[in-house]
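J.:
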Amino acid sequence: LFQTRQDKDETFLLALSPNGPPHFEAENYKKAKFSQIRQDLTKKLFNIYCRRCFDDKVNDWNKRLRSTAGRCRCQSNGNAKVELSIKVCDTPERLRDTLLHEMCHAAVWVIDNIRKGGHGPAWKYWVNRCQKVFPSLPLIKRCHTYKINAKYLYICNGCGIKRHSKSLDISHKICGICNGRFTLHRHDGKKPSDKATSAFAQFVKEKYKEERKPGVKHAETMKILSQRFKQVNFLYLEKM
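Numbering (the working numbering), first residue to last: -19 to 220.
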């Protein structure tokens, strides 16, 4: 039977939306800086979903993801690990909806023992079950349409796929789908100055091996190169 009245759990979940009903605890989550409450809210949502939708049979927060809202990894020991992107799941509402979507994938493997169910009948079964438990929540969709709030955006000039990263070496990195080249764009979608971009790319090409030492990660190397590039430009301007 479908519910005709919202219970306490459903009211809390619905209140995580910007225009949701009044709820003291949900308001605290919405007002706080998301990075500070992300772990706590993830655990709370997981416990609600596990108890209400998955009979306690079915969480690792992975901050490395950049372009997908979430994914579920099936493990050989029968467990599943849900990974969520901090670049995409950056509000309580997005976290609420994405986690439920991915937990439906986890249930297909952990409970139904179907490893590659995708968005097939088994996944749809769990989606329908969740929507019967919480009918007021938005429909669980196959793909997200969220606008990603990233400062930097790299777009493949071949297939148009987007990457979100602070330091992508576009002088070496090519698209894994079409072998196209990436171009750097600003957060508003506009392309930065070609002159500035190519100057830095050339600097990276010349100095990268100098700074990439054993034990130093790529991101750290790019940060050092960025600082060196700024210093070189500053000294050049001082001499003019």
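Ideal Cβ positions, reconstructed from N, Cα and C, are used throughout, including at glycine.
What residues in its chain sit with their C-beta under 8 Å from that of Cys155, if we drop five residues either side in the sequence?
T.: Taking the first residue of the sequence shown as position 1, residue 155 is located at position 175. Taken in chain order, the residues that qualify are Cys136, Gly138, Cys139, Ile141, Arg161, Phe162.
J.: Does the contact criterion of 3 or more C-beta pairs under 8 Å hold for the region 66 to 78 versus the region -6 to 1?
T.: Verdict: yes, contact present.
J.: Quick one: what's Glu63 bridged to in DSSP?
T.: Position 83 of the sequence shown, counted from the start, is the residue given in the question as residue 63. DSSP lists Arg51 as partners of Glu63.
J.: Rounded to whole angstroms, what's the CA-CA distance from Leu205 to Glu191? Just pull it up for me.
T.: Residue 205 sits at position 225 when you count from the first residue of the sequence shown. Residue 191 sits at position 211 when you count from the first residue of the sequence shown. Roughly 8 Å separates the two Cα atoms.
J.: May I ask which residues mark the beginning and end of the alpha helix (DSSP H) holding Cys110?
T.: Taking the sequence shown and counting its residues from 1, the one referred to as residue 110 is at position 130. Per DSSP, Cys110 belongs to the alpha helix (DSSP H) from 101 to 113.
J.: Considering only the alpha carbon of each residue, which of Ser15, Gln182, Ser116, Lys96 lies closest to Cys52?
T.: Taking the sequence shown and counting its residues from 1, the one referred to as residue 52 is at position 72. Nearest option by C-alpha distance: Lys96.
J.: Could you give the C-beta distance for Arg76 and Leu25, rounded to a whole number, given that I count them as a contact under 8 Å?
T.: Counting from one through the sequence shown, the residue named residue 76 turns up at place 96. Counting from one through the sequence shown, the residue named residue 25 turns up at place 45. The pair is a contact, with the Cβ atoms about 6 Å apart (cut-off 8 Å).
J.: For Ile17, which of helix, strand or coil comes out of DSSP?
T.: Stepping through the sequence shown from its first residue, residue 17 is reached at position 37. Helix.
J.: DSSP three-state call for Ile28: helix, strand or coil?
T.: Counted from its first residue, the sequence shown places residue 28 at position 48. Of the three classes helix, strand and coil, the one that applies to Ile28 here is helix, per DSSP.
J.: CB Cys30 to CB Val113, shorter than 8 Å?
T.: On the sequence shown, position 50 is the one that residue 30 refers to. On the sequence shown, position 133 is the one that residue 113 refers to. No, the pair does not count as a contact, with Cβ atoms beyond the cut-off.
J.: Please report the straight-line C-alpha distance between Asn(-1) and Ile91, rounded to a whole angstrom.
T.: Within the sequence shown, residue -1 is the residue found at index 19, counting from 1. Within the sequence shown, residue 91 is the residue found at index 111, counting from 1. Computed Cα separation, rounded: 35 Å.
J.: Run the CB neighbour count on Ser56, radius 10 Å, all protein chains shown included, and call it buried at 16 or more, exposed below.
T.: Numbered from 1 along the sequence shown, position 76 holds the residue referred to as residue 56. Exposed, by the Cβ-count rule.
J.: Using a Cβ-Cβ cut-off of 7 Å (strictly less than) and excluding sequence neighbours within five positions of Ala86, which residues of its own chain qualify?
T.: Walking along the sequence shown from the start, residue 86 turns up at place 106. Closer than 7 Å at the Cβ level, and outside the excluded window around Ala86, lie Val38, Cys52, Ala60, Val62.
J.: Quick check: does the Cβ of Lys121 come within less than 7 Å of any heavy atom belonging to the ligand FMN?
T.: Judged by which ligands are present, the structure shown has none, so any question about the ligand FMN falls away.
J.: Helix, strand or coil for Ile204? Go by DSSP, reduced to three states.
T.: Translated into positions along the sequence shown, residue 204 becomes position 224. It is helical.
J.: For Leu79, which of Thr22, Lys10, Phe4 has the nearest alpha-carbon?
T.: Taking the sequence shown and counting its residues from 1, one reaches residue 79 at position 99. Among Thr22, Lys10, Phe4, the Cα nearest to that of Leu79 belongs to Thr22.
J.: Have a look at the DSSP bridge pairing and note the partners of Ile154.
T.: Locating residue 154 in the sequence shown gives position 174, counting from the first residue. According to DSSP, Ile154 bridges with Arg161.
J.: DSSP on Phe34, reduced to helix/strand/coil?
T.: On the sequence shown, residue 34 is found 54 positions in, with the first residue counted as 1. Three-state DSSP puts Phe34 in coil, outside helix and strand.
J.: What does the alpha-carbon distance come out to for the pair Lys197 and Gly100?
T.: Within the sequence shown, residue 197 is the residue found at index 217, counting from 1. Within the sequence shown, residue 100 is the residue found at index 120, counting from 1. Going by the C-alpha atoms only, they are around 39 Å apart.
J.: How many angstroms separate the CA atom of Lys203 from the CA atom of Phe180?
T.: For the purposes of this step, residue 203 is taken as the residue at position 223 of the sequence shown. For the purposes of this step, residue 180 is taken as the residue at position 200 of the sequence shown. Cα to Cα, Lys203 sits roughly 12 Å from Phe180.
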